[in-house]
Structures are given as structure tokens and as C-alpha cells.
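Asker:
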Ligand code: APR
Ligand code: ZN
Ligand code: ZN
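In my numbering, the protein residues as written are 337 to 699.
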């Protein structure tokens, strides 16, 4: 089958013929119909996070089930499924406590070293990014990383639910648990940030302040529910957020991954407010905290957010239904549908701010 292979850090994406195994145990073989280009895959392809190459990335994947392993119980051939990079064992204390996003034994969903690799290239094993490997015609995924959704949602939109939506919307709904009337700022209005803004509207936030440096992206944030727009190139975003809210927001979500904007998000929260760090920093990146005033006297909380504290089997089908009835805007995030050969150029367009989400739908 065709797959887009990344042969090493900085070497880009190349279409190759890759072998994929049949499902064993709790695995599901999927005919991939759509796979979104999340920023995280580009980060992993361009900087050394310790990943083993060659690798097939692509973790915003949606498709149709072709074959199931003998132990799969709740997923059937023909089901429409969405993949999610949260992998959970289902047996550890975190999983049994309902916090599958904190599972410490997620490796249990992968094959062991003495089993044949799921993906291989001329007999050599290939790393399957996040256990999914969606930049390919087919994907072989553990059932615990798959949610069955309505058949009414187009695949290009369904794919985005698996990362951008669970990460952005989940941070608002599950992690912060934003209540009606509370105030929110979102730093970074890319694919993930817009989902956070949309979820803040769903949650009844009174003020939803979008912060970005590209006017066209900010303007789009209005459709998703932003009530105020701040271009951080034109004014100090911390001052702007404080002015709009009279002292700072209840919740500031950082969805970029830069130390400067992470510090801005912390400073933009009110006394007792919470900054939620969603954006993935570069390896080794650090922030500086003023532990005299900002953190202690102002009684602030900083939270790292793992995948929007998502329970994928519960949340993704709900988000899919919200998309179908128009409460979550996901179609508006799909800037273009591309072929598997165009992944490198589509990532360049993302970095130039020309697109929100490119989605592979053609092989
Ligand atoms: N200030 C404000 N906004 C900025 C700044 C800045 N200094 N630098 C970049 N941005 C904006 C970009 O203009 C863009 O709109 O941040 C946004 C980032 O969006 P995308 O590139 O679409 O990235 P996205 O897929 O949304 O992911 C954002 O979340 O999951 C993580 O790894 C992911 O770190 C990434 C982050
Ligand atoms: Zn677990
Ligand atoms: Zn992602």
C-alpha cells in the first residue's frame, strides 16, 4: 500500500510502497479515507524528539473498518472510525479511575518486539507514529485508539476530531471545565485553538478573546465564537486581555508552544486564574516564572494539558454528533483536501499561515 514515509529528521515526506500486516488480537485494519496534517507531526519530523525513523506519521485519521482481530468486540467491519493518539491499556489505576488520558501503560496497545511489525519497508520495521500511521492507504490500529462515529459526518471532518478537536475542545470542556459566564483567552488560533474557542462558546463563556499574529486567522475566529480579537503584533496581548476583562481571564489557553506566549498566557489570567498549556514546546524549551507575585500572591495555577483530558470512546462520538448538528464547526477548519504526494508542500502552506488544516483524502 502507499504510505508517506519520513526517513529521518528534516528529510520531509515521501510516498513509498509499504507493507502492512493483518490484525491480530485487539487490532483493527482500516481503509483510511482522510488524514489531517496536524502541526505536531511536522514538529516530530523536523526536530529530534527521540523518534525512531523511518516513520509513517499522520494521527488525525478517519476511515472504514476493513478487518478486525479476533479479540475486537465493539468495532465491526464497515464501521466509520476516528483514530486518536491517546492510547490506553484499560487496566491500570489511571484507566480504572476514568483518566485514560493519564494511562501509564499505553505501550500495551502496541505489538511486542517478538511479534512482526505492523508496518515494514522491504522487510524492515517502520515506526508507526502514535500507533496510527494515518498518512497511508490503510492503518492497523489497536481498538483502544479508535472511536466509532456516526456515518453522517464527511471523513475529512471526522479526521480532525481525533486530535485538533479533542485537544482544543477537550481542554475547555474536560480540563478547565469552563462554566457559563467565565472568561477565556486563547493564544494561537490555528486548528487546535479554534476548537478551543468553539468549545468555549458551547460552554457559555462570556468573553472569548482570540490572540494571534495573523489577521486572517483572527477574523476566522469570530465564526467559531471569539468575542474579541487581539493581534499580538499590534498591541501587548497581556494588557489587551486585562483591559477587556478588567484584570485578566479565568482561563488562558496557550495553543502555540512558545515560551513567550506561554508566559503571556500565565500573565493574562486573573488572580486565582488558570493558564493551560496545550502547545507542544521544542525539546528543552523553558519558561521563567515570577514566583513572588505572579504565582503565589496572585494564586495562579498552571496546567499542562494532555490531549484535552479526553476519554476518546466517550468524547469523539459526541463531538461528531455536535458537528452534524452544527454546534461544532469542523468543516470550516478543512482548508483543502490533498493527495498523499502533497504533504510536504501542504505543511509549508500551514507554516506560511495560508491554511488551517490540509487533509489527505486521495491516494
Ligand atoms: N503570538 C500569537 N500567535 C502566534 C504566535 C505568537 N507569537 N506565533 C504563532 N502564532 C499562531 C499562528 O499564527 C497560528 O495561527 O499560532 C497558531 C498555531 O496554529 P497551527 O500552526 O495551526 O498549529 P495547531 O495545529 O493549531 O497546533 C498548535 O498545539 O497540539 C499543539 O503541537 C501542536 O504546538 C502545536 C499547537
Ligand atoms: Zn491504563
Ligand atoms: Zn495532533
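Ideal placement from N, C-alpha and C gives every residue a C-beta, glycine not left out.
Predicted model only: the values in this text are computed from it and were never measured.
To the nearest angstrom, report how far apart residue 489 and residue 660 are at their CA atoms.
Answerer: Spanning the two alpha carbons is a distance of roughly 6 Å.
Asker: Which runs of the beta strand (DSSP E) fall wholly inside the segment 350 to 416 and span at least 3 residues, in chain order?
Answerer: Within the segment 350 to 416, the complete beta strand (DSSP E) runs of at least 3 residues are 350 to 353, 363 to 372 and 396 to 404.
Asker: Using only the alpha-carbon positions, how far apart do residue 501 and residue 462 sit?
Answerer: Looking at the two C-alpha atoms, the distance is approximately 28 Å.
Asker: Touching or not, the segment 425 to 434 and the segment 377 to 388, by the rule of three or more beta carbon pairs under 8 Å?
Answerer: With a cut-off of 8 Å, the segment 377 to 388 and the segment 425 to 434 do not count as touching, because too few Cβ pairs lie within range.
Asker: Assuming contact is defined by CB atoms lying nearer than 8 Å, are residue 647 and residue 436 in contact in what I supplied?
Answerer: Closer than 8 Å, so yes.
Asker: What's the gap between the Cα of residue 498 and the Cα of residue 466?
Answerer: Using only the alpha carbons, I get a separation of about 12 Å.
Asker: If the criterion is Cβ atoms closer than 8 Å, does the pair residue 521 and residue 549 meet it?
Answerer: No, these two residues do not count as a Cβ contact at 8 Å.
Asker: Identify, in the order they occur along the chain, each residue of the same chain with its Cβ nearer than 6 Å to the Cβ of residue 418, setting aside the five sequence neighbours on each side.
Answerer: Contacts found: 398, 483, 485, 494, 497, 498 and 652.
Asker: So is residue 691 in contact with chain C if we call contact Cβ pairs under 8 Å?
Answerer: The structure shown contains no chain C, having only a single protein chain.
Asker: Can you pull the DSSP bridge partners for residue 567?
Answerer: BP columns for residue 567 point to 548.
Asker: Shortest alpha-carbon distance to residue 369 belongs to which of 573, 561 and 474?
Answerer: The option with the nearest alpha carbon to residue 369 is 474.
Asker: So, with DSSP's three-state summary, where would you put residue 418?
Answerer: In the structure shown, residue 418 sits in a strand (DSSP, three-state: E or B).
Asker: Just grab the DSSP bridge partners of residue 464 for me.
Answerer: In DSSP, residue 464 forms a bridge with 392.
Asker: Can you give the Cα-Cα distance for residue 433 and residue 569, rounded to whole angstroms?
Answerer: Between residue 433 and residue 569, the C-alpha separation is close to 44 Å.
Asker: Are there any heavy atoms of ligand 2 lying less than 7 Å away from the beta-carbon of residue 649, as far as the coordinates show?
Answerer: No; taking the cut-off as 7 Å, the Cβ of residue 649 has no heavy atom of ligand 2 nearer than that.
Asker: For ligand 2, I want to know if residue 427 counts as a neighbour, meaning its beta carbon is within less than 7 Å of at least one of the ligand's heavy atoms.
Answerer: The answer is yes for residue 427.
Asker: Measuring CB to CB, does residue 532 end up less than 8 Å from residue 508?
Answerer: Going by C-beta atoms, residue 532 is nearer than 8 Å to residue 508.
Asker: Return yes when at least one heavy atom of ligand 2 lies under 7 Å from the C-beta of residue 439, else no.
Answerer: Yes, ligand 2 has a heavy atom inside 7 Å of this Cβ.
Asker: Please name the residue in 650, 337 and 627 whose C-alpha comes closest to that of residue 457.
Answerer: The candidate whose alpha carbon is nearest that of residue 457 is 337.
Asker: Roughly how many angstroms separate the alpha carbons of residue 404 and residue 629, rounded to a whole number?
Answerer: Residue 404 and residue 629: Cα-Cα distance of roughly 56 Å.
Asker: Between the alpha carbons of residue 438 and residue 644, how many angstroms are there, rounded?
Answerer: Their backbone Cα atoms lie some 11 Å apart in a straight line.
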